[in-house]
Each structure stands twice: as C-alpha cells, then as structure tokens.
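Here's the structure, in structure tokens; my notes come after.
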Amino acid sequence: MYEEREPSLPPPPGPPSRQTIYIADEDTTMRFTGYEPVPWKSWVWFFGCWITVGGLALLGRWLPGLWLKFVCDEKAFKDTTDGVIVVENPFTDVFLSKVDKVDYPYPADTVFNALSSPSSTVRPSGANTPTPHAKPPPNGATPSMELLSSLRMTEYRYSHFALNPTSGLFMMLSSWRDPAWKSVRAVQGGLSAAIREQRHILFGSNLIDVKGKSIGGLLVDEVLHPFYVFQIASIILWSVDDYYYYAFCIALISLISIATTLIETKRTIERMREMSRFTCPVRVLVDGSWTVVDSSQLVPGDIVDLITPALAVFPADILLLSGDAIVNESMLTGESVPVSKIPVKDATIVSWREGLEIDSNMAKSFLYTGTRIIRLRPGNLGEENQAFGMVVRTGFSTTKGALIRSMLFPKPMGFKFYRDSMRFIGVLACIAGLGFMASSVKFIELGVPWSTMCVRALDLITIVVPPALPATLSIGTSFSIGRLRKLGIFCISPNRVNVAGKINVVCFDKTGTLTEDGLDVLGVRTLDRTGGVFGELSTEVADLPLGSGKATLLYALATCHALKSINGEILGDPLDAKMFEWTGWTLEEGKPTANGAKKGDGRPAHDRPAALVQTVVRPPGSAQFKLEDALKSGKHAHFLELGVIRVFEFVSSLRRMSVIVKRLKSSSMEIYVKGAPEVMADICEKDSFPADYEDLLAYYTKNGFRVIALAGRSIDGLSWLKAQRLKREQAEAGLRFLGLIIFENKLKPGTAPAIQVLRAAHLGIRMVTGDNPRTAISVARECGLVNVSAHMFYPTFTYGDAQAPDAKINWASVDDEDLKLDDYSLKPLPPPHHHTVEDEISYQDYSMAVTGDVFKWMVNYAPLETLQRMLVKAQIYARMSPDEKHELVERLQSLGYTVAFCGDGANDCGALKAADVGLSLSEAEASVAAPFTSRIPDISCMIEVIKEGRAALVTSFSCFKYMALYSIIQFTSITLLYSFASTLGDFQFLYIDLFIIIPIAVAMGRTLPYPDIHPKRPTASLVSKKVLASIIGQIILTSSFQFWAFFWVRNQPWYEPPDIDPHDENGLDFETRNYENTALFLISSFQYIFIAAVFSIGPPYRKQLWTNVFLMVCLVVLGAFSTLVLMDPPVPLSLLLDLVPVPLAGKLTLFVAVVVNVCVCWTFEEWGAKQVSDFIGFIGRTITNHSNGRRIKEGKAYKAVEGGMRRSLTD
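Following my numbering, the numbering of the sequence shown begins with 4 at its first residue and continues without gaps.
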C-alpha cells in the first residue's frame, strides 16, 4: 500500500519532525512535517486578526503556510502535545491535519509489529518499509511489548496514520499486517471478542462513509472562498460608491449562485454517500462460534461466512480461504467478464503479510469490496462446508475506498493553460496598479479627496480582475462533459477534458478494443504422426478422430479452460467459451461431497459445495453418469466423461494454463496445457513438434489469426491426493505437443474508420497487446494502423535474453529477413547487393514491432538514445504484460507526449490510470480503471473525446481572452473618465456586466466541436506567440478607438465640458452625465459584443460561429439594442443610462467608427495575428541562429528524437 522514501532536505537534529510517505494506490508522495502552536504567537495572531477585522484570519485560511510561520514552531512528531501535521503533496497543496489522541490500552506490537522499520536508524523521511517482525520474547523486555495508554493518530483524505512511539514516525494503517497471518490453518480460527474490540479502536468502522458537512458548514466554506470574499468586498465597495442598483443585482446573483452551489454540493455528497456507503449482516467467527454482526463492525483478521443469505456484494477486501466464487468486478476494472476466484494458498497469505501488493496470483483469491457475487460455492474447510474468507482491509483502505478517494480528490493536472491563466490574472492586477498610478497623478492635480482616491483604486481592481473570470474557465469543460454523457461517455475527472485536447499519441489494446471480444474458431490443426507434419485444417469437431493420440487433442479442447456453468449458462473467458462451444460438449459443475447449501433464498447462485471433481464434460449424446463413481475404473465402459480434478489458472508471465483431468473408467490422469505457441518449446518434448511447426505458426499469425497451442501427457497411477500436491512446474513438464486451435480475430466494424481518422489527424497510434507479435502486425495492417507496404521490423535476441545486460538484438523485416536495422541507431542498414534501388528504406517507409521481453531489456539496459528512438518509431508492442503496458505509457510521457490509452478492463488498469487520458470501454458509468468510461463499444469513442477535448480547450481560451478584453475595455473607459474625475454610471455598469457579459460568456461555451480532427493541435499556452499577438493586438485596437472617441467628442462644436467639482462634499459621486461618458459607453458597448464574435473561433476545432444558435441570438439582440441606444434611445432609457443627447451627425460618426472597429478587429484576428506571431517567430529564430544556438522546447524531447532520426537517414 505504501512505501517511504528519502527526503530532499536533511533532517533536523533530534527525533524526526519530517517524513516522506509514498501512497501507492494514489501514486503520490506526501511530506509530513510536525508543528506545535506557540501560546504567545497564538495571542499575537489573534490580536492581528482582530486589528484586521478578520482579514488576517482569512489569509491564514487561504494560505496555511502563513499561519504556520506566524503561530507554530517545527517540532518532532512524538514531542507534540497539541500538534498539527502539515501534509504537502507533489502539487504544492498544503493541508493541516490535527493529531488526535485515542485511548488504546494495548501492547505496541499489536499496531507496529508488522509496520515497524527493519532498521533502528530513525530518518526523517520515514524510509521504513513495512516488514514482519518475529514475536518478541515473552518477558516483555522489547519496546514492541510496551503497554500503550493511547495512540496518536492523524488523517489525510480518509487515510489514517498512527505514530510509532519507538521510531517517532507515522505508519499508514492500510499497510497493517498481522504477523499471525502465516497459513490458512493459522487464521481460520477467527478472532476473540477482545481482539476485535482492540482492532475496532485501531481501524474504526468498516464504512466508506463520505463526510457530509451541514448546510451551515458548506455555507461558511462557500462564502469564505476567495472568489466570494472578493465578490462581497466588491459589493461593499460599490455600495459605498453609491452603486446601489448594481451592487444589489450582483449580490442577488451571488446569493443565487451560492444557493445553487450549496444544493448541488449537497446532492453530490449524497450521491457519493449512496454509492459508497454499504452495510449488510454477515456471519463472523468470534471466540470459536458464529455471530451475526453488521458489516460495519468487521475488522482485519475477521473470518466471515460468505454464504450469508443477505450477501450479494462483498463488504470488505477479503481473501478467499475456502470455496470458490464467480464475481463481477466491472466497478473496479471496467471489465464485465465474470471473474473466477479460488481459495488462497499459504504462500499467498505470507506474501500479503510481508506487505507485498496484489499481484496476479493474489488477485485470483482476492474478493474486492463492492464487487457483485454471481456465484459462491462452499469448500471443504470446516465441518459445515461454508465458504470462508478473511477480512484484510476495511473502509477507505479497500480498493473501493481508493476509487471513492480518487473521485473525491482527483489529481490536479499540471496543465499549462491553468498555470498561465493564473499568471495572466496577476498581470491584469499589475495593469490595474499602473492604471491607478496614472489616474492618481490626475486626481492629485484635481484635488480629489484621498478617501475618494482609495475607493477609486479599489474600484479599478474589481474592473481589471473581474470576479467572474475563474468561473468562465470551466464553461467549455462543463458543456463538453454534458455532450459526452449524452453519447454514453462518462467522465469522473473534469480536468482531463482539456488535457484530451492536447493528445498526440493514442495507445490501444487489441483484443476487445480493436477486435471483437468473441473470437470465432476457424479450425484445428492436428498432427499427422506418419508424415511428421501438420494434418489438414479441421473446421468441424466431427473431423477429429477419437482414436489413437489424436483423441487427446479433443479432450484438451473440452477440458483445458476455467469455464463455469451458472444456471445453465457458460461463463468465463470469451476465448475459452468459443473453444468449448466448438467441441459441442456439455459442461456440468462438480457435485457436492456433503450437504449443500439451501436454495431458493433469493440471493446470488450459492449452489452446492465444491466437489473432488471441479467440472465434468461429456460429448454430445452421452448419458450422465453418477459422479460418485467417476473415479472408479473398469465400470460402465459405454459412458464417456472427463472430470477436471485440478486447474492451474492462467498466469500472464507464463502465458499458459493447465488442468489435471480424470477420465471415467481410466486408471490414469491426463495433464493438458493451453497457451501461447512460443512457450510450448520450453515444456514439450522436442520430438513431438511437427517439422512445419514454425512455418505454419508464422502463416497464421502473419495473416491475423489468433493461435493457441495445446499439449498434454498421461500419468499412470496418479491419485487425487497426489494430484492436489503436484507442483505446477512438475505438471507442466515433459509434455507432448497435441495441436493448434486457430481463432479468427475479427476487427470491430468501427476500428478501421476510427484509425483512418486518427492517422489523418497525424496522431501517433500504438497497439499494445498481450497477443502474438505477428498476429498484432497483421491486425495493425488490416485496420490501417500501419501501411500495408511499410517494412515492419521485429526484434529477436541473438545472444542472451531479457535478463542479460550484454544481450544482442537482431532487428529484421518480417517480410524480408535480409533487410535489417542497426541495433544502436535503429536506422535501416543498406540492403544486400541483390536488392534493387527501390528497396532503399526512407524514414516514413518502416515501423517497428516490439515484444515485451525486448521492451523490458531496452528499458533496463539499452542506451538512452536507442530506447528513445524505439519509443518514437515503434507502433506495435506485443506480448506486453500489464506492468509493461504501464511502463510504456510512462516512458512515452517522459518524451513529452500527451498519451491517451484505450482498453477494455483488467489487464489495462495500470496503463489507463497512468495515461494523461485513460478511456475504458465498459458498461459501468465509473470505474477505478480510468477517468473516462465509454459505453460505445469501439474506439470511435476516442475520437469523440479528442474532439470534445479540443473544443473545450479552445472554448476555455476564447472565454479567457474575452474576459480579459472585457476587463481591458472597461479599464480603458474608466481610466479615461478618471482623468477628469468622471466614471460610468450605475446602470451602465449593470447593463454591461449583467446583460452583455454574462449571457455572452455562457453562450460562447455552447459551440459544438468540429466534425473532423485537424492535424495541428490547439495551443495550451496563453503565452504562445499567436495568443499573445491576438490579445495584445485586440487591446491596442479597441483602446485606440476609445481614445479616438474620447478626443473626438471633445473637438465637436456641440461639445459642452462637464461641470465637475472634486472638492464637493459628495466627491465620491463622480459626474457621469457628460459627452465623454456617453461616447465611451456607446462605442464600448459594441466592443463587448463584437469582440465575442471575433474570439469565437470556429474551424478547425469548433463549428462555425453561426451554428451556435444561443450565441447568435445574444449577439443579434444585444447588437440591435445597442444600435437603438446609439441612434434613437427613448428618453427614460437615456436618463437611466446617464446618456446626454448627441446630434445625428455625431451618432452616425460613432456608428461608422463601430463598423470600422468591427472590420479592423475581425481582419486582425483572422489574418493579422498570425502574421504578427510569424514575424515574432522569425525574429526569434534569427536571433537564435545568429548566436549559433539550437533551442529545443522544454518537454518536447520526442521532436528532437524525430529530427535526429530524419537527419541520420539523409546523411
């Protein structure tokens, strides 16, 4: 669950006060620092809060580091009495967590024995890996046997930590392991009531209970948010400035917004609680007898009866000790295929006790919280034949708890747009300061009172940094998420939507993602023993003879799987199901060895206890035989039944599974193995392979078929007991190769069109699969992922293997082995002399397919340049394990790629979570596997995510640019008016902000994404040349027209200077009814409207402006109303807006100026901004070239690698 790492700073002397902890399920590193409030500093702080009327307290709330520096001193964790733990995450967020004392009158080793550091050296990083300790001597002389009176505990985002009094470091309770967990027999006796009480104190209730604040608490949090504090301060300022109407409207809007947010927050919390909170009655073994308790009382170590009638969903993370289960884990993995669970082995319990994470072996016995039970069957452990399990994790420490935490606290994306937007707001604040300094000079000349100057300064800040600015950044994202939801694509991490707009590499799993889940059997290739080669393809099971050695291939097809029968329906891996369906045989679960569980209780299919024979298969038409006689020999020869005695489950690292089978009336048992053809050479006798094995395998895989090999052998006199004790490596040895079964790996209908769209957009596409590389290459060519004519180079070890640092790799074309790559530069070598000139290979004419073992070797041992070139050039990654998929995603990200990964479930979880955008094809609305989950069954959903991501990103830019221009336009108007102690009127502000800005800002986000994906991605930087050229250019243009209007109106013959007396006792009430005010208000009203149209970027990322009906209505209505106000305003409206009459000639002049302003701004945005940015870029390149330097953009290492490969090919 967690491990601890070295700190970046040296520890202070004495006991540790700092600690770094890595939380694996969140993939984050937290830094803990201990602090203790100092009484006299606290009093000074309180006095400061009182003096500043709560202002200092607000700063302390927003900036906890400020409060820490003023009030607290750093102190060792164990020495604090009223301590505070400061938790810092990698995203520079700081959280304060109080240290609580919990009464705990139990020995220290009940908590820390399994969590203690193996080293006695105390390091402030807390670099202590949890390992089991041997039991201390009974004399109690060791610190671990010290009797505690209390525990110091703290909590961070529902993760709990306990302070070890010996090491002085915090330990994560989710990593707690009981040293007694040594074997199934050691734990099956359950816990005593006293131990359960002690662990309940330690771990708390087994509830994933999202804490919901009261309405009052939510209200305080909302009101004290910086956004609303700024709003409240602005409202107070406007009220002081006599802008009562405007202040009232903004206050009303804020109250409605707060109320709406509170209601939505409350609903969200309730929905989350409904999703997460679950309790049910369970039977627990306490003091040797079964007791029914509520699941909220479960603690780690509890033995639970899984055949409890009310149990349909597992209430905790449980290790299956006895019995077997079939469960649906779609909530966790996104994969709806039923998963079989088998009893845990002693070695697995020990590995869990030693703190190892859940691997593929442990997962087979791990029952996750929240997974639904399809069927549970009792085993043979105990007299009553219950299915037992041991609780190992509870509450938020469970896998479901990790899912809920990830939804409550999504990782903030280090996205450039968000960083730049906050910096831009800072720049706007600086502009406000400069503007006020310029205005202040004029105020002093006019003799404006200082009180008025202060109010005007604050007013200027509210203009330049509008309170609604942060909210506009999420408008595009909100609309995109809503549109995706309508398409059946669900998002639990809104920040990832904008990130999807920057995707430049998409990785796809193959089976179930690019191809259909269900494979069709093409046929079976058996051995022709007389000729030593393969026989003809058998497309029907009737073509397989039942005699001699060939009969065992049919038996292997019928038995070598892990299928289950639930209410007559065959469940399990789709490939196994197709294989078994092809045989035409029937399958029945093993019958009970004791009395079965009761039926008809309305719960999931908890059937009979597990039998000595797990499953029985029969050919079509065969009569049923009593299973109690199945192991007897010499009886009922007319019956044909095969009983599966034992199953060795599929292991991804071995790439195979096997079964031990007993045939009715036979004295022997057979072992059958099914797996990847490549692994058969290691477990089969060499003389059992046909001479054309490699050629036939290459033929089928090259043509895109999925090929599975089968092998087997017979063991005489093998008893049931010996079969259960037989080790896997013994069973899977000395086998005889039996044949191949070939599956058609059909593409999904939407795959090829989607790949074509993505390639046309110049997005990098990678296939990442566990399948055979030749099959992957064929599928890639069929769907258009790689060009059919392109040379595909495939690696093989010519010396050593993946574990050998000095191994050698040969890269040869799959189509022509004479064509090779240099093993260092990965540059095509010159073709042999007998090849023509046309065989010369350019950079675009070749690609690479990499296998998992070669990928692992290159990551560990290859030169960095070679590894980077492989990552850039390779498009197919075959025989990749889940861990290797995860590693691939991280390696691509390290080159600067924005990576999307699309998969269908369990094997892809790590890669889906590691990717910048993970998309799981699943029926579930949310899963722990990925931030996006799609009910669209093919990869066309990735196109929709990319289109919406680009639209959302462009919308965010458009809204931000619009709000920035709105601020500057109004700032320019106010600054000009301040030059003679004037300002805009109350209703003028109200009309601009309420009737123009808010509707337009909301409407801008409604533009739909463009139907096609453009090859060039939208920028994610506000400081890019094009964005800055656009913003600065529009600022200059709009400001110029306002300056023109200001000076033009003063030079008209009908102009009358305003009568302003700044020394008036009502000096705060600047004059508003004057010609300058009217001219600036009229021309700026149009600027607010048409600049929205100018910034509403259409193609290539969004549809044209006129397709946004809501925005068009806003623009037309507001444009018409502003024209009315300019040309012929009704008298009441003129009085309301503080307008003075302007002669018709003046009105026409202003209207012409507005038209010219529109044309100039539109022309500049369409053509001028690009020309300016290109010119700036040219100047920058000229300066760089003049200095003989070569710049590489930070984080874009892949561009340098691509450029290097292109240059090496032309040398």
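Note that CB positions come from ideal geometry on N, CA and C, so glycine has one too.
{"query": "Any 3 or more C-beta pairs closer than 8 Å across the stretch 287-306 and the stretch 230-247", "result": "no"}
{"query": "Contact under 8 Å by Cβ, F3 with M883", "result": "Nothing in the structure corresponds to residue 3, since the chain is present only between 4 and 1214."}
{"query": "Beta bridge counterpart(s) of L154 as assigned by DSSP", "result": "V105"}
{"query": "Spatial neighbours of L288 in its chain, beta-carbon cut-off 6 Å, leaving aside the 5 residues before and after", "result": "G193, I306"}
{"query": "Classification of D244 by the beta-carbon crowding that lies within 10 angstroms, buried from 16 upward", "result": "buried"}
{"query": "Cβ-based neighbour list, E890, same chain, cut-off 6 Å, excluding 5 preceding and 5 following", "result": "none"}
{"query": "Residue burial classification, R188 (beta-carbon count within 10 angstroms, cutoff 16)", "result": "exposed"}
{"query": "Short Cβ contact (8 Å threshold) for A1023 with F583", "result": "no"}
{"query": "Where R126 falls, given that 16 or more other Cβ within 10 Å makes a residue buried", "result": "Only weak support exists for where R126 lies, its pLDDT of 38 falling under 50; the value from the coordinates is given anyway. Under this definition R126 is a buried residue."}
{"query": "From M410, R709, K185, residue whose alpha carbon lies closest to that of K581", "result": "R709"}
{"query": "Contained alpha helix (DSSP H) runs [length at least 4] in the stretch 891-970, N- to C-terminal order", "result": "912-917"}
{"query": "Under the three-state DSSP convention, the category L463 falls into", "result": "helix"}
{"query": "According to DSSP, residues forming a beta bridge with K853", "result": "It should be noted that the sequence gives Val, not Lys, for residue 853. Answer is Y880, bridged to V853."}
{"query": "Range of the contiguous beta strand (DSSP E) that encloses Q22", "result": "21-26"}
{"query": "Check whether I376 and V316 have beta carbons under 8 Å apart", "result": "yes"}
{"query": "L525 versus P622 - alpha carbon distance", "result": "20 Å"}
{"query": "Test item: CB-CB of E947 and I484 under 8 Å", "result": "no"}
{"query": "CB contact below 8 Å: V223 versus chain D", "result": "Within the model displayed, chain D is absent; a lone protein chain is all it includes."}
{"query": "Chain-order list of residues whose beta-carbon lies under 8 Å from that of S789 (same chain, five-residue window excluded)", "result": "Sequence check: residue 789 is Val here, not Ser. Taken in chain order, the residues that qualify are I780, A783, M795, S850, Q878, I879."}
{"query": "Distance, T84 Cα to D76 Cα", "result": "13 Å"}
{"query": "Rounded straight-line distance, which links the Cα of Y38 to that of H228", "result": "25 Å"}
{"query": "Buried versus exposed call for Q22 [16 or more other C-beta atoms within 10 Å across all chains shown]", "result": "buried"}
{"query": "Distance between beta carbons of F35 and V90, contact taken as under 8 Å", "result": "6 Å"}
{"query": "At least 3 beta-carbon pairs within less than 8 Å: the stretch 796-811 vs the stretch 533-541", "result": "no"}
{"query": "Endpoints, alpha helix (DSSP H) assigned at I1000", "result": "Counting along the chain, I1000 falls outside any alpha helix (DSSP H), and DSSP gives it neither H nor E."}
{"query": "Three-state secondary structure (DSSP) of S985", "result": "strand"}
{"query": "Residue interval of the beta strand (DSSP E) (run including A714)", "result": "708-719"}
{"query": "Three or more C-beta pairs below 8 Å linking the stretch 1114-1122 and the stretch 1086-1099", "result": "yes"}
{"query": "Test item: CB-CB of V676 and A714 under 8 Å", "result": "yes"}
{"query": "A763 to G646 span [Cα, whole Å]", "result": "54 Å"}
{"query": "Endpoints, beta strand (DSSP E) assigned at N813", "result": "811-816"}
{"query": "Span of the beta strand (DSSP E), counted from its first residue to its last, around F173", "result": "173-175"}
{"query": "Cβ pair A984, V213 closer than 8 Å", "result": "no"}
{"query": "Per-residue DSSP class, three states only, for G678", "result": "strand"}
{"query": "Beta-carbon proximity list for G1122, same chain, < 6 Å, skipping 5 on both sides", "result": "I1092"}
{"query": "Rounded straight-line distance, which links the Cα of G207 to that of L314", "result": "22 Å"}
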